[in-house]
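Visitor: One structure coming up, written as structure tokens, with questions to follow.
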Amino acid sequence: MYRNEKGCGRAIQNSGLDRSDVFLTTKIPPESMGYEDTKRAVDSSLRQAGQEYFDLDTGLRILLSILIHAPYGGKEARLGSWRALVEAQKAGKTRSIGVSNYGIHHLEELEEYIQSGGGGEISVGQYELHPWLDHSDIAEWCQSRGIVVEAYSPLAHGTRFREPVLRTIGGKYNKSPAQVLIRWSLQMGFVPLPKSVTPQRIQENSEVFDFELDEEDMKLLDTGEYSPTDWDPTVDED
Ligand SMILES: NC(=O)c1ccc[n+]([C@@H]2O[C@H](COP(=O)([O-])OP(=O)(O)OC[C@H]3O[C@@H](n4cnc5c(N)ncnc54)[C@H](OP(=O)(O)O)[C@@H]3O)[C@@H](O)[C@H]2O)c1
772 MYRNEKGCGR AIQNSGLDRS DVFLTTKIPP ESMGYEDTKR AVDSSLRQAG QEYFDLDTGL
832 RILLSILIHA PYGGKEARLG SWRALVEAQK AGKTRSIGVS NYGIHHLEEL EEYIQSGGGG
892 EISVGQYELH PWLDHSDIAE WCQSRGIVVE AYSPLAHGTR FREPVLRTIG GKYNKSPAQV
952 LIRWSLQMGF VPLPKSVTPQ RIQENSEVFD FELDEEDMKL LDTGEYSPTD WDPTVDED
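Following the working numbering, the residues of the sequence shown are numbered contiguously, the last one being 1009.
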């Protein structure tokens, strides 16, 4: 969907980084829900990212993780997609599997399927998470089960940098609003996924391990607001 699998695969191959240091995540798009379509989507992603060039049997293989992008298509399609991901994992095509944008009712449906013999393990849950989008119920559901919570749009898609609270807290530590948001995400126990096409910002976004927000800062950032910057399929009833 983002048309960046090929570029990411090539960048990783050319980076010289030890592949065990790299996490590459891709997703099954909504139009590929269901068992057969998901199987095809996994193979297409692997081809696009150039996985056939990687040695899948050594410890150096990329830590690939494949997530279902959104809980669309109804129960049968969701569970069919999951079955295809479990098979892909067993076949060594991906290290871990998970979901994105699943509401608690979708997560419970999947948990019941897994526990009743469907198999697999939800390793990752990816959600829009920042101080102006309270998904704490879902994050707690995942974290209490040891599921890694990835925060997408952790910078609120670049829409909140002028919030006074970010200026105040940033001033205290001499950090930018983006760095405060990434730090908040880390302290919430999330894995933030800040996006930038600007090298200087990518560098800036990595410089967040030399300060810590205190309790008061965290409280100020606990706005309780529910303002998605993008879609929110977690509330989908189907
Ligand atoms: N699972 C899903 O449904 C879903 C949905 C949406 C997004 N995502 C994922 O989440 C990732 C990030 O989300 P996002 O792109 O929506 O939002 P984001 O990371 O919250 O914000 C990105 C915006 O912030 C700007 N920015 C980044 N660092 C900055 C800095 N240090 N100072 C000032 N501006 C800065 C970027 O500008 P420049 O790029 O111009 O530097 C861009 O405009 C994406 O890579 C995507 O894979 C997932």
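The beta-carbon is built from N, C-alpha and C at its ideal position, and this holds for glycine as well.
Would you report the Cα separation of Met989 and Glu996, rounded to the nearest angstrom?
Guide: Distance between the alpha carbons of Met989 and Glu996 is about 14 Å.
Visitor: Based on Cα-Cα distance, which residue from Gly778, Ile783, Pro800 and Gln784 lies nearest to Met772?
Guide: When each option's Cα is compared against that of Met772, the closest is Pro800.
Visitor: In whole angstroms, what is the alpha-carbon distance linking Ser947 and Arg854?
Guide: Spanning the two alpha carbons is a distance of roughly 43 Å.
Visitor: Can we say the region 952 to 968 touches the region 893 to 910, given the rule of at least three CB pairs closer than 8 Å?
Guide: Cβ pair count under 8 Å is three or more, so yes.
Visitor: Closest to His928 by C-alpha separation, out of Ala910, Glu892, Gly917 and Ser998, would be which residue?
Guide: Per the Cα distances, Ser998.
Visitor: Excluding five sequence neighbours on each side, which residues of the same chain lie with their C-beta closer than 8 Å to the C-beta of Met804?
Guide: Hits under 8 Å: Ile839, Tyr843, Gly844, Ala848, Arg849, Gly851 and Ser852.
Visitor: Return helix, strand or coil for Tyr944, following the three-state DSSP convention.
Guide: Reduced to three states, the DSSP call for Tyr944 is helix.
Visitor: Skipping 5 residues on each side, what residues in its chain have a beta carbon closer than 6 Å to that of Ala1014?
Guide: In the structure as shown, the chain begins at 772 and stops at 1009. Residue 1014 is therefore absent and cannot be evaluated.
Visitor: So, for Tyr806: in the same chain, excluding its five sequence neighbours on each side, which residues have a beta-carbon less than 8 Å away from its beta-carbon?
Guide: So the list reads Gly851, Ser852, Arg854 and Ala855, once near-sequence residues are dropped.
Visitor: My output table needs one value for Leu835: the three-state DSSP class, helix, strand or coil.
Guide: Strand at Leu835.
Visitor: Who are the near neighbours of Val895 in its chain, counting only those whose CB is closer than 7 Å to its CB and skipping five residues on each side?
Guide: Cβ neighbours of Val895 beyond the five flanking positions: Ser836, Leu838, Ser867, Gly869, Ile918, Val919 and Glu921.
Visitor: Considering only C-alpha positions, which residue in the set Leu952, Asp1001 and Arg972 is nearest to Leu991?
Guide: Taking only the C-alpha atoms, the option nearest Leu991 is Leu952.
Visitor: What's the gap between the Cα of Arg790 and the Cα of Ala820?
Guide: Taking the straight line from one Cα to the other gives about 14 Å.
Visitor: Should Ser816 and Thr797 be called a contact, given that it needs their Cβ atoms to be closer than 8 Å?
Guide: Contact: yes.
Visitor: Please determine whether the Cβ atom of Val968 lies at a distance below 7 Å from any heavy atom of ligand 1.
Guide: True, at least one ligand heavy atom lies under 7 Å from that Cβ.
Visitor: Using a 10 Å radius around the Cβ and a threshold of 16 neighbouring Cβ atoms, would you call Leu831 buried or exposed?
Guide: With a pLDDT of 44 at Leu831, under the threshold of 50, the modelled position of that residue is not reliable, and the figure given next carries that caveat. The residue is exposed, with fewer than 16 neighbouring Cβ atoms inside 10 Å.
Visitor: DSSP on Val951, reduced to helix/strand/coil?
Guide: Helix, per DSSP.
Visitor: Exposed or buried, Gln897, counting other C-beta atoms within 10 Å across all chains shown (16 or more means buried)?
Guide: So Gln897 ends up on the buried side.
Visitor: Do Gln950 and Glu975 have their CB atoms nearer than 8 Å?
Guide: Closer than 8 Å, so yes.
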